[in-house]
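Working notes, beginning with the structure itself.
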Amino acid sequence: MDSLPLSLKIHRKGKRDEGYSYADVSGGALWIEVLRESLKHGLAPRSWTDYLYLSVGGTLSNAGISGQTFKHGPQISNVLKLDVITGTGEIVRCSPSKRAELFYGVLGGLGQFGIITSARIVLEDAPHKVKWVRAFYDDFGAFTEDQEMLVSMADKVDYVEGFMVLNEQSLEGASVAFPSHFHFIASNTNNTSQVYYCVEIAFYYYSQKASHVEKVAKETLRKLDCIPSLVYETEVSYFDFLNRVSAEEANLRARGLWEVAHPWLNMFVPRSQIKAFKDLLLQTISPDHFEGPILIYPIRRDKWNGNTSAVLPEDKENILYIVGMLRSASPQCVSESPCLQSYLQQNNKITEGATSISLHSNSKIQIADPNGQDHELETISGSDSLKRSDLGGKLYLSYYSEEEHWKKHFGGKWERFLARKKMFDPLQILAPGQRIFKRKYSAHL
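Numbering (the working numbering), first residue to last: 479 to 923.
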């Protein structure tokens with residue numbers, strides 16, 4: 479079956495026009511295509527995902543997050559209009575002022591209320607160059623405190639992400655401008671924990687003089703409480719910065735780790751619980767054998783629209799964290815294999831401990847290292863103790879298999895989610911694979 483034809487039209491706002499420049503994009507278009515086309519006009523979307531070879535309709539059905547989210551909100555906060563086919567077969571053009579319930583329901587709605595056939599995306603003037611900085615830490619508290627300071631400086635900083643450095647694989651595939659060997663950290667610090675952290679920061683060059691960006695960057699970096707000798711800078715084009723994950727993709731392909739299982743886990747975590755979550759994570763995985771990045775960085779709740787279907791932790795703190803365990807399994811870890819099942823058990827353990835949703839995982843997990851050797855790891859024992867350690871987290875890119883789990887996941891948003899389903903997809907035709915609802919059958923069919 480062929481996909482919908484690509485349509486991508488750019489509208490630049492005139493000097494006297496109100497509102498935004500925008501792109502009208504078909505739902506099947508990839509973000510890399512949106513980037514290439516908009517840059518021809520000196521424009522670009524404000525909010526991105528780390529990986530650009532994803533469809534517009536796909537990320538808008540979830541949220542779409544990256545290091546710009548603290549400043550501009552997720553991608554679903556940067557949409558002006560949608561064209562949607564609902565579960566009843568109705569073709570609807572919707573916006574915040576027209577059929578708003580459908581508009582907000584579809585954004586972050588996991589495909590449950592309609593198929594996005596086109597979207598109007600906010601654009602802004604594109605920078606021509608980026609100063610890209612990596613600063614390394616051996617203290618988790620300093621790592622998170624500095625990130626929280628940076629996301630409070632949205633007038634100076636354009637991008638903030640952080641990640642854990644567990645082993646050599648944590649740095650492989652990074653830009654050639656940065657060190658990609660683990661030993662360079664250990665040789666510059668006395669820390670014996672063998673777990674380090676890195677904050678990535680970006681400053682965009684627009685039309686202002688380079689000296690202005692240099693001054694802002696220098697003043698900002700001076701405030702960091704990182705390891706002073708482990709701060710690295712480079713300058714790249716805006717396109718290359720946004721497309722940076724393609725270098726990691728090339729590295730994984732070269733190592734035979736792209737076309738493999740990727741048992742990922744993505745979680746929103748309250749600010750007050752981020753250290754406890756980090757501890758839970760390290761108690762559950764095997765750092766020495768973990769293949770892939772673990773992202774940890776803060777975002778701001780006030781940049782999200784509560785009318786969308788996207789789910790955040792229900793505490794009231796404005797700062798919260800996104801954690802992404804982006805693991806690559808070995809080629810031997812195929813479907814139903816013990817090693818892949820062990821990774822999924824780990825994910826379930828962490829989910830139970832962070833959300834109180836019991837997934838019936840075991841307290842002992844078999845870990846397969848890159849050489850195929852199994853190691854038994856004993857984690858926090860029993861789902862009861864995990865439920866008691868509920869950290870108030872919420873899965874992002876959720877994959878629950880029971881309706882009761884979904885109800886707990888949506889929490890206070892469940893009734894509205896259910897009402898929207900009845901309104902826009904009463905036969906529950908759309909996205910049945912997520913197991914949120916069971917498909918109904920009409921007597922007239």
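Glycine included, each C-beta is placed from N, C-alpha and C at the ideal position.
Please read all numbers here as calculations on a predicted model, not as lab measurements.
| message | My output table needs one value for F888: the three-state DSSP class, helix, strand or coil. | response | helix
| Which of helix, strand or coil DSSP assigns to I752 | helix
| query | Just how far apart, CA to CA, sit E882 and K916? | reply | 13 Å
| Which partner residues of S596 appear in the DSSP bridge assignment? | S504 and D561
| said: For chain B, check one thing: does any of its Cβ atoms lie closer than 9 Å to the Cβ of E769? | reply: You won't find chain B in this structure, because it holds only one protein chain.
| task | Look up W736 in the DSSP assignment and say whether it is helix, strand or coil. | result | coil
| task | Compute the distance between the beta-carbons of Q912 and L588, then report whether it is under 9 Å. | result | yes
| request: Take L538 and list the residues in its own chain whose beta-carbon comes closer than 7 Å to its own, dropping the five residues that flank it on each side. | output: Q553, I554, V557, L585, I594 and A597
| query | Which class does S806 belong to by DSSP, given the choice of helix, strand or coil? | reply | coil
| The alpha helix (DSSP H) with F548 in it runs from where to where? | T547 to H550
| Contact belief for T438 with I777 at Cβ below 8 Å, rounded distance in angstroms | Nothing can be reported for residue 438: it is not among the residues displayed for the chain, which extend from 479 to 923.
| query | Would you call the CB atoms of V673 and L743 closer than 9 Å? | reply | no
| CA-to-CA distance, M745 to F618, given in whole angstroms | 18 Å
| message | Under DSSP, the beta strand (DSSP E) around I569 begins and ends at which residues? | response | I569 to C572
| Which class does I554 belong to by DSSP, given the choice of helix, strand or coil? | helix
| When DSSP labels each residue in this structure, what does A725 get in the three-state scheme? | helix
| said: In whole angstroms, give me the CA-to-CA distance for F641 and C676. | reply: 5 Å
| query | Taking three-plus beta-carbon pairs below 8 Å as touching, is the segment 805-812 in contact with the segment 619-639? | reply | no
| said: Report the CB separation of K607 from Y716 in whole angstroms; it is logged as a contact under 8 Å. | reply: 7 Å
| message | At the level of alpha carbons, what is the spacing between E769 and C572? | response | 42 Å
| Considering only the beta carbon of each residue, do V570 and F614 sit closer than 9 Å? | no
| Between G520 and G497, what straight-line distance do the alpha-carbon atoms span, to the nearest angstrom? | 17 Å
| task | Using DSSP bridges, identify the partner residues of K872. | result | F746
| query | If you check the beta carbons only, do L702 and D624 fall under 9 Å apart? | reply | yes
| task | In angstroms with no decimal places, state the Cα-to-Cα distance between I563 and G592. | result | 5 Å
| task | With a cut-off of 8 Å on the beta carbons, I'd call S544 and T527 a contact; round off their distance for me. | result | 5 Å
| message | Let's see if you can read the secondary structure: which residues bound the beta strand (DSSP E) around W509? | response | Where W509 is concerned, there is no enclosing beta strand (DSSP E), although the alpha helix (DSSP H) it sits in stretches over W509 to L517.
| Does DSSP classify D636 as helix, strand or coil? | coil
| request: For T698, I'd like the list of residues in its chain whose CB is within less than 8 Å of its CB, leaving aside the five on either flank, ordered along the chain. | output: L628, M631, K634, V635, I679 and F681
| message | What does the Cβ neighbour count give for S516, buried or exposed, with the cut at 16 atoms within 10 Å? | response | buried
| Smallest Cα separation from L508: which of N721, N825 and Q824? | N721
| Which first and last residues belong to the alpha helix (DSSP H) in which E626 is found? | F618 to V629
| From which residue to which residue does the beta strand (DSSP E) around T829 run? | Taken as a continuous stretch (DSSP letters only), T829 belongs to no beta strand (DSSP E), being part of the alpha helix (DSSP H) at P816 to T833.
| task | Give the straight-line distance between the Cα atoms of F621 and E737, rounded to the nearest whole angstrom. | result | 33 Å
| request: Tell me, please, which residues DSSP counts as bridged to F614. | output: C676
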